[in-house]
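Participant: I have a structure here, written as structure tokens, and I will follow up with some questions on it.
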Amino acid sequence: MRLAFLLLLGLAGLARAADGVLVLGRISDDPRRHYEQLKPLIDYVVPRMKDVGITEGRVLMARDPQQMMSYLRRGKVDWVTETPGTGLLLADKAGARPLLLTERSGSREYRSVIFTHRDSGITELPQLRGRTIAFQSPSSTSAYLVPAMVLREQGLPMSLMVSPLDEADPDSVGYVFANTDANLGAWVHKRLVDAGGFSDQDWESLQRVSEAARRDLVVIHTTGPVPRAMELVSAGMPPEIAARLKEVLLGASQDPQAREALRQFFRTTGFYEADPQTQASLEQLRRGARDVREALE
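Numbering (our numbering), first residue to last: 383 to 679.
Listed below in structure tokens is the structure:
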């Protein structure tokens, strides 16, 4: 238990796949819970990589993208599982190499929706100028980066607010982070903010559980599709190890022994390679995310 605790806190010593140790990393605000979600998959993968010298697996959490970049550059993490927005940031800033995309709960893609209260009078995005919008968190692809990209593509300036009670500048869209999708939906419904942006799956969940949301909230914009998640490897991972990891992950969905490990791994139902259309979607996301970060952060 003490070893697991040290791993959770990121205090384990340097380890590299080239030394026989495969380290799976994730950016986390809840290390203990995420450790329990990641450990079964690393335990499944390691025995199937003995032929390329892998004999041990570990899990290492980072508190934010900057710490994960440091881990990647210093060789402390070999394999990272992340949302595509953060994954592409790690590729740009730390040389991480996209390996595979991840299917979760049978779905490979999701879209972002921007929604308002039905009585707000807002029916199209340009009407958000001088109004306010809530996102989930700065690390979210579907509930921040993608909807912010859409607003910027509409030529709408954006300004960060401290709380949903702040007033937006008349010439910009004021934005604030709600931390959870439940808060986000509630803030729009209670009219603390004029609009919200998150994934279509969060929207469907809100519609299922809340009669008030079904009655009072309406989507005014739906974006194009974005992959659910991605797996990346460090720039220094030897090619034969990366190739074997890719092979093991691609075959996991067909292996009954992997079923429980995949379920715990954020309800993963498989891994797959990007086709040209998905590659184009990722490149569009890369460019848009860079623009949002440079303009707003």
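Quick reminder that beta carbons are idealized off the backbone N, C-alpha and C, glycines included.
From what residue to what residue does the alpha helix (DSSP H) around Ser581 run?
Facilitator: Per DSSP, Ser581 belongs to no alpha helix (DSSP H); it is in the beta strand (DSSP E), 577 to 581.
Participant: Compute the Euclidean distance between the alpha carbons of Glu485 and Tyr654, then round it to the nearest angstrom.
Facilitator: The alpha-carbon atoms of Glu485 and Tyr654 are separated by roughly 7 angstroms.
Participant: Which term fits Glu665, buried or exposed, when burial requires 16 or more other beta carbons within 10 angstroms of its beta carbon?
Facilitator: By the neighbour-count rule (16 or more Cβ atoms within 10 Å), Glu665 is not buried but exposed.
Participant: Compute the distance between the beta-carbons of Thr498 and Ala577, then report whether it is under 8 angstroms.
Facilitator: Cβ atoms of Thr498 and Ala577: closer than 8 angstroms.
Participant: Measuring straight from C-alpha to C-alpha, what distance separates Leu423 and Phe647?
Facilitator: About 7 angstroms.
Participant: Tell me which residue opens and which closes the beta strand (DSSP E) that Val532 is part of.
Facilitator: Val532 -> not in any beta strand (DSSP E); alpha helix (DSSP H) instead, spanning 528 to 535.
Participant: Keeping to the same chain, check which residues put their C-beta closer than 6 angstroms to that of Leu507; ignore five residues upstream and five downstream.
Facilitator: Counting only Cβ-Cβ distances below 6 angstroms, and skipping sequence neighbours, we find Gln536, His603.
Participant: Quick check: the Cα distance between Asp553 and Met543, rounded to an integer number of angstroms?
Facilitator: Approximately 14 angstroms between the Cα atoms of the pair.
Participant: Where does Gly488 land, buried or exposed, given buried means 16+ other C-beta within 10 angstroms?
Facilitator: Exposed: under 16 other Cβ atoms inside 10 Å.
Participant: Between the beta-carbon of Asp582 and the beta-carbon of Val495, is there less than 8 angstroms?
Facilitator: For Asp582 and Val495, yes; Cβs fall inside 8 angstroms.
Participant: Apply the 10 Å Cβ neighbour rule to Val601 and answer buried if 16 or more other Cβ atoms are within range, or exposed otherwise.
Facilitator: When all chains shown are included, Val601 counts as exposed.
Participant: Taking the CB atoms as reference points, tell me whether Ala516 and Val558 lie closer together than 8 angstroms.
Facilitator: For Ala516 and Val558, yes; Cβs fall inside 8 angstroms.
Participant: Starting from Thr498, follow its DSSP beta bridges and name the residues at the other end.
Facilitator: Thr498 pairs with Ala577, Val600.
Participant: Apart from the five residues just before and just after Met451, which ones in its own chain have a Cβ nearer than 6 angstroms to its Cβ?
Facilitator: Cβ within range, chain order: Lys475, Ala476.
Participant: Return yes when the Cβ of Ala550 is within less than 8 angstroms of the Cβ of Thr514, no when it is not.
Facilitator: Yes. Within cutoff.
Participant: For Gly395, I'd like the list of residues in its chain whose CB is within less than 6 angstroms of its CB, leaving aside the five on either flank, ordered along the chain.
Facilitator: The pLDDT assigned to Gly395 is 42, lower than 50, so where the model puts this residue is not dependable, and the model offers no usable value.
Participant: Among Ala399, Asp411, Asp412, Gln419, which one has its Cα closest to the Cα of Arg645?
Facilitator: The shortest Cα separation from Arg645 among Ala399, Asp411, Asp412, Gln419 belongs to Gln419.
Participant: Counting pairs of beta carbons, one from the stretch 462 to 473 and one from the stretch 622 to 630, are three or more of them closer than 8 angstroms?
Facilitator: In short, these stretches do not touch, since the Cβ pair count stays below three.
Participant: Among the residues of its own chain, which have a CB less than 7 angstroms from the CB of Ser524, if the five just before and after it don't count?
Facilitator: These residues qualify, in order along the chain: Tyr492, Ser494, Phe580, Ser581, Val608.
Participant: Taking the alpha carbon of Ser519 as the reference point, which residue from Gly402, Thr660, Ser410, Gln661 has its own alpha carbon closest?
Facilitator: The option with the nearest alpha carbon to Ser519 is Ser410.
Participant: Quick one: grab the DSSP three-state call for Val674.
Facilitator: Three-state DSSP puts Val674 in a helix.
Participant: Taking only runs that begin and end inside the stretch 588 to 636, name each unbroken alpha helix (DSSP H) of 4 or more residues, in chain order.
Facilitator: Entirely contained in the stretch 588 to 636, the alpha helix (DSSP H) runs reaching 4 residues are, in chain order, 593 to 598, 621 to 634.
Participant: Going by DSSP, what residue range makes up the alpha helix (DSSP H) through Glu506?
Facilitator: No alpha helix (DSSP H) contains Glu506, which DSSP labels as neither H nor E.
Participant: Would you mind listing the beta strand (DSSP E) stretches within the stretch 442 to 499 that are 3+ residues and don't spill past its ends, in chain order?
Facilitator: With a minimum length of 3 residues, the continuous beta strand (DSSP E) runs that stay inside the stretch 442 to 499 are 461 to 464, 479 to 486, 494 to 499.
Participant: Hey, how far is the Cα of Pro466 from the Cα of Arg610?
Facilitator: Near 7 angstroms, if we compare the C-alpha coordinates of Arg610 and Pro466.
Participant: Where does the unbroken beta strand (DSSP E) through Ile424 begin, and where does it stop?
Facilitator: Not the beta strand (DSSP E): Ile424 falls in the alpha helix (DSSP H), residues 413 to 427.
Participant: Can you check which of these residues, Leu482, Ala656, Val591, is closest to Val630 by C-alpha distance?
Facilitator: The candidate whose alpha carbon is nearest that of Val630 is Leu482.
Participant: From the DSSP output, which residues share a beta bridge with Glu438?
Facilitator: DSSP lists Val403 as partners of Glu438.
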